[in-house]
DNA sequence: CTCGGAATGTAGCCTAGGCTACATTCTGTC
DNA sequence: GACAGAATGTAGCCTAGGCTACATTCCGAG
Ligand SMILES: [Mn+2]
Ligand SMILES: [Mn+2]
Ligand SMILES: [Mn+2]
Ligand SMILES: [Mn+2]
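Residue numbers (our numbering), protein chains in the order written: chain D, 1039 to 1187; chain V, 1039 to 1187.
In structure tokens:
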């Protein structure tokens, strides 16, 4: 190749700061993902069974109970949950509020995937990861699409 | 509440093994995300400029150069890239092949987001995280939707 | 040809999030 | 009421992926 760059599309690569900011946002979103899944799950367990025990949380998530307990400790440090030894886990106001938002977003993401033709199990499975990367802007667009469909 | 559970929807919670498997898939997908972004970016840099230097990679990703170099080491260990000291980074067959798949998927995800009404910058930004959680099944559904639209 | 600045590489530190192994506490059954 | 088994908690290990600080190498201007 000599001095072409003629018929190749110009904007193949985004500019550096733009791209760096996109990657940075993805990293930030990912760092909150685990806490989001925990509060959503704890809220579900509290609603459906009245209690959220570390063992149940661990089994639902598919991790060792020690892993769950350690993460519950982080939920407490971040003010999302409270738990006294051997007494189960409960959510703070902040935790409940986060859980509500996370649950609503999860449902919208699944519904959108179904609406564009994704099979049910793939929709539920992929949504578990996708949901954490859906911004408010995108969520609003999804809701609008579902409403106007 | 006494012994109701009457007018509440039955299938609010998925069964344990099902849910655990969904969370597990999300964890697995996440663990490959960084490598995917690296090979896609390296491929872009090689195509557009002929070389992929650690400094450029780091600047594009918004991380310190030492972080990029460490991850490049992991790419080498996993057989996705080759690099001799001070000589830039290149992709193996496996790396190129992964990059091609990742780039194609990235584009489909962005196109689908745009198609359902997500604004451009949100689409590009969210896609950077979402793409890593889109299974082959879901990707196929996206492509079909875009084709039939 | 030299030498200074940029790029590259190395070392070491930190946190998150997995795990196993072991210690402790609780609780339902007899 | 004792006690075995389940649940809970603790300790310690590992890897990934960030970072800063410092050491080394390269290369282009003069
Ligand atoms: Mn999730
Ligand atoms: Mn979810
Ligand atoms: Mn990405
Ligand atoms: Mn991408």
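The beta carbon of each residue, even a glycine, is placed where N, CA and C say it ideally should be.
Straight-line CA distance for residue i to residue j?
{"i": "residue 1061 of chain D", "j": "residue 1154 of chain D", "result": "26 Å"}
{"i": "residue 1119 of chain V", "j": "residue 1053 of chain D", "result": "24 Å"}
{"i": "residue 1176 of chain V", "j": "residue 1167 of chain V", "result": "15 Å"}
{"i": "residue 1112 of chain V", "j": "residue 1093 of chain V", "result": "17 Å"}
{"i": "residue 1123 of chain V", "j": "residue 1164 of chain D", "result": "39 Å"}
{"i": "residue 1115 of chain D", "j": "residue 1127 of chain D", "result": "13 Å"}
{"i": "residue 1059 of chain V", "j": "residue 1100 of chain D", "result": "7 Å"}
{"i": "residue 1089 of chain D", "j": "residue 1071 of chain D", "result": "23 Å"}
{"i": "residue 1105 of chain D", "j": "residue 1097 of chain D", "result": "11 Å"}
{"i": "residue 1135 of chain D", "j": "residue 1129 of chain D", "result": "9 Å"}
{"i": "residue 1073 of chain D", "j": "residue 1125 of chain D", "result": "20 Å"}
{"i": "residue 1180 of chain V", "j": "residue 1156 of chain D", "result": "8 Å"}
{"i": "residue 1087 of chain D", "j": "residue 1050 of chain V", "result": "12 Å"}
{"i": "residue 1188 of chain V", "j": "residue 1103 of chain D", "result": "Past the boundaries of the shown model lies residue 1188 of chain V; chain V is included only from 1039 to 1187, so the question cannot be answered."}
{"i": "residue 1057 of chain D", "j": "residue 1110 of chain V", "result": "19 Å"}
{"i": "residue 1185 of chain V", "j": "residue 1108 of chain D", "result": "46 Å"}
{"i": "residue 1146 of chain D", "j": "residue 1055 of chain V", "result": "23 Å"}
{"i": "residue 1158 of chain D", "j": "residue 1178 of chain D", "result": "22 Å"}
{"i": "residue 1095 of chain D", "j": "residue 1075 of chain D", "result": "10 Å"}
{"i": "residue 1063 of chain V", "j": "residue 1121 of chain D", "result": "29 Å"}
{"i": "residue 1077 of chain V", "j": "residue 1091 of chain V", "result": "13 Å"}
{"i": "residue 1187 of chain V", "j": "residue 1137 of chain D", "result": "35 Å"}
For residue i, go through chain V and note every residue whose CB falls closer than 9 Å to its CB, in chain order.
{"i": "residue 1076 of chain D", "result": "Chain V residues near residue 1076 of chain D: none, gap ~10 Å exceeds 9 Å."}
{"i": "residue 1118 of chain D", "result": "Correct list: empty, because the minimum Cβ distance to chain V is about 18 Å."}
{"i": "residue 1063 of chain D", "result": "1163, 1164, 1166 and 1167"}
Among the residues of its own chain, which have a CB less than 7 Å from the CB of residue i, if the five just before and after it don't count?
{"i": "residue 1161 of chain D", "result": "1148, 1151 and 1152"}
{"i": "residue 1117 of chain D", "result": "1130 and 1132"}
How would you list, in chain order, the residues of chain D whose beta-carbon sits under 9 Å from the beta-carbon of residue i?
{"i": "residue 1134 of chain V", "result": "Going along chain D, no residue has its Cβ under 9 Å from residue 1134 of chain V, so there is no contact; the nearest lies around 17 Å."}
{"i": "residue 1157 of chain V", "result": "1175, 1176 and 1179"}
{"i": "residue 1150 of chain V", "result": "1154"}
For residue i, go through chain V and note every residue whose CB falls closer than 8 Å to its CB, in chain order.
{"i": "residue 1070 of chain D", "result": "The premise fails here: residue 1070 of chain D is roughly 11 Å from chain V at the closest Cβ pair, so nothing lies under 8 Å."}
{"i": "residue 1097 of chain D", "result": "1054 and 1058"}
What residues of chain V sit near residue i, judged by a beta carbon separation below 7 Å?
{"i": "residue 1164 of chain D", "result": "1171, 1172, 1173 and 1176"}
{"i": "residue 1182 of chain D", "result": "1155"}
Name the chain D residues that come within less than 8 Å of residue i, Cβ to Cβ?
{"i": "residue 1082 of chain V", "result": "1050 and 1051"}
{"i": "residue 1073 of chain V", "result": "Result: empty, since nearest Cβ-Cβ is about 14 Å, beyond 8 Å."}
{"i": "residue 1126 of chain V", "result": "Within chain D, no residue comes near residue 1126 of chain V; the closest Cβ sits about 17 Å away, beyond 8 Å."}
{"i": "residue 1160 of chain V", "result": "1173, 1175, 1176 and 1179"}
{"i": "residue 1067 of chain V", "result": "1167"}
Is the region 1064-1072 of chain V close to the region 1160-1175 of chain V, with three or more CB pairs under 8 Å? yes
Listed by chain order, which residues have C-beta atoms less than 6 Å from any heavy atom of ligand 2? D/1075, D/1078, D/1144, D/1166 and D/1169
Answer yes if the region 1137-1145 of chain V comes into contact with the region 1077-1092 of chain V, meaning at least three C-beta pairs across the two stretches below 8 Å, and no otherwise. yes
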